[in-house]
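Only one structure is covered here, and it is reproduced in the block below.
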Amino acid sequence: MKSTVWREPNFFPLWLGAMLSSVADSTYYIVLAWFVLEITHSAANLGTTLLMASLPRLLFMIFGGVAVDRLNPRRVMVVSLTARMAILLGLAVWLATKVGALDLWVLYAVAGMFGVVDAFYWPTQNALVPHVLPDQVLATGNSFIQTTQQLSMVVGPLVAGGMLQWHQFAGIFTVLAALYAGSAVAIRAIHMTAKERVIPLASRSVWGEIYDGVRYVWNIRILLFLMLASMVINLFFMGPVNIGLPSFVQRQGWSGSVYGYFEAAMGLGAVVGGALTVAVRGMRGHFQWIALAAAVIGLGLIGAAMVHQWPMGIVFLAASGIAMSLTNIPIITYIQTIVDHAMMGRVMSLLTLMSVGLVPVSYGMSSLILRMHWLGPASLMIVGGAIIALFCAMLWFQPDFRQMESHPRWQQAKDV
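First residue of the sequence shown? That's 1 in the numbering used here, and the numbers climb one at a time after it.
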């Protein structure tokens, strides 16, 4: 009899914690951006603030993976969520009591501390799932969690827009702190048995454990290919879509609302893709098609850059969003299934580094290319999409990729 993920006692608190945290995350970054602009009236200061959040995340991400493998991953996640709550609550108290002028260093410190905490939170989020869910329901569990997170990316901006009408940032940051607190309480309710706990590896140095993690990925060719695919997709999609796309919309003479429609199309497409992933059991038995689905991410970006009527752009970007979920969810499930639990944190930290961690690098590359006029916005999107499509299409011909479902642990995890 097939397992149902909602019957697993740990799944609801895991899903609830992920949902509250995702809504808080997507809301926080919009509120922070508006807060910095309202306080400083400077786009340059906003860029510096976001950089202060990105650099610690990039630098400490791999250490977050070591912490997950050394410690109880649930505890790491609870501590990181509690730290987020404390940071925002401290900022709210500062604003409410007006103990001093809100200098730029305060904003930079808040962003920097948040970035450090993110470096521990993001690897833990995916590493925790296989510790508390059986392999048979990993695909379904990941589909629900990832779909909820994508939906939060749509809901978050709406929540932020509503709260910004209050014009009371102390109250807004307090609400966000409460969301993180609720997430921490939910994750704390997860029960980890002795079998599921991670055994500390105190005999090795931190750098030694990082080396072990990199060597582990290097020696398993399919993991190496999946890491490279994640790196290529994020480097050549995130910058072009978040920097090139709004510039393209502006050059076409379309309104900012059209850009909003494009972003919403990708988000809703990702939600639809998550639902499709559940329907097809996480693509199990059809992993060779993931290469083509990943190629569609790039093809959708190319198509959006070539449209002359913006409604067609919605279609292409929705296709990219659907393809993202059909690619990301099965790959995360696969990695969670085949990787040793003792290595899960470090492997997930490397995967997160290749995705979330490299986003500022992609932004920097795209900004430089546009600023130096090496490419226009449409050409930037076309080149980025073409690189993604070609790389992912080539995976189809790679023997390790085509045979990835023959891994013994993946075979053992089949539904009975």
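Each residue gets a CB set at the ideal place from its N, CA and C atoms; glycine is no exception.
Taken atom to atom, the span from the alpha-carbon of Met19 to that of Gln136 is near 22 Å. Between the region 224-242 and the region 361-370 there are three or more C-beta pairs closer than 8 Å, enough to call the two in contact.
Fully contained in the region 320-378 are the following alpha helix (DSSP H) runs of length 4 or more, in chain order: 344-352, 359-371.
In this structure, the CA atom of Leu104 is about 45 Å from the CA atom of Pro9. Burial check for Gly298: the Cβ neighbour count within 10 Å reaches 16 or more, so the residue is buried. Comparing alpha-carbon positions, the option among Gly260, Pro134, Thr140 lying closest to Met153 turns out to be Gly260. Taking a C-beta distance under 7 Å as the contact criterion, Tyr108 and Met52 qualify as a contact pair. Contact between Pro246 and Gly282 fails: their C-beta atoms lie close to 34 Å from each other, not under 8 Å.
In terms of Cα proximity to Leu55, the closest of Ala275, Met113, Phe35 is Met113.
Under the three-state reduction of DSSP output, Leu292 falls in the helix class.
Cβ atoms of Gln146 and Ser325 come within 8 Å of each other, at about 7 Å.
By the 16-neighbour rule on beta-carbons within 10 angstroms, His167 is exposed. With the rule of 3 Cβ pairs closer than 8 Å, the region 400-408 does not count as touching the region 271-278. By the Cβ neighbour-count rule, Ala44 is exposed, with fewer than 16 other Cβ atoms within 10 Å of its own.
In this structure, Thr174 places its C-beta atom within 7 Å of the C-beta atom of Ala92. Nearest to Val206 by alpha-carbon distance, out of Leu46, Arg371, Thr49, Val66, is Val66. Contact between the region 117-130 and the region 310-324 is absent: fewer than three C-beta pairs spanning the two stretches fall below 8 Å. Around Val339, the same chain offers Val347 as residues with beta carbons nearer than 7 Å, after the five sequence neighbours per side are excluded. Collapsing the DSSP output to three states places Ile233 in a helix. Spatial neighbours of Ile322 in its own chain (CB-CB distance under 6 Å, excluding positions within 5 residues in sequence) are listed in chain order as Gly269, Val272, Gly273.
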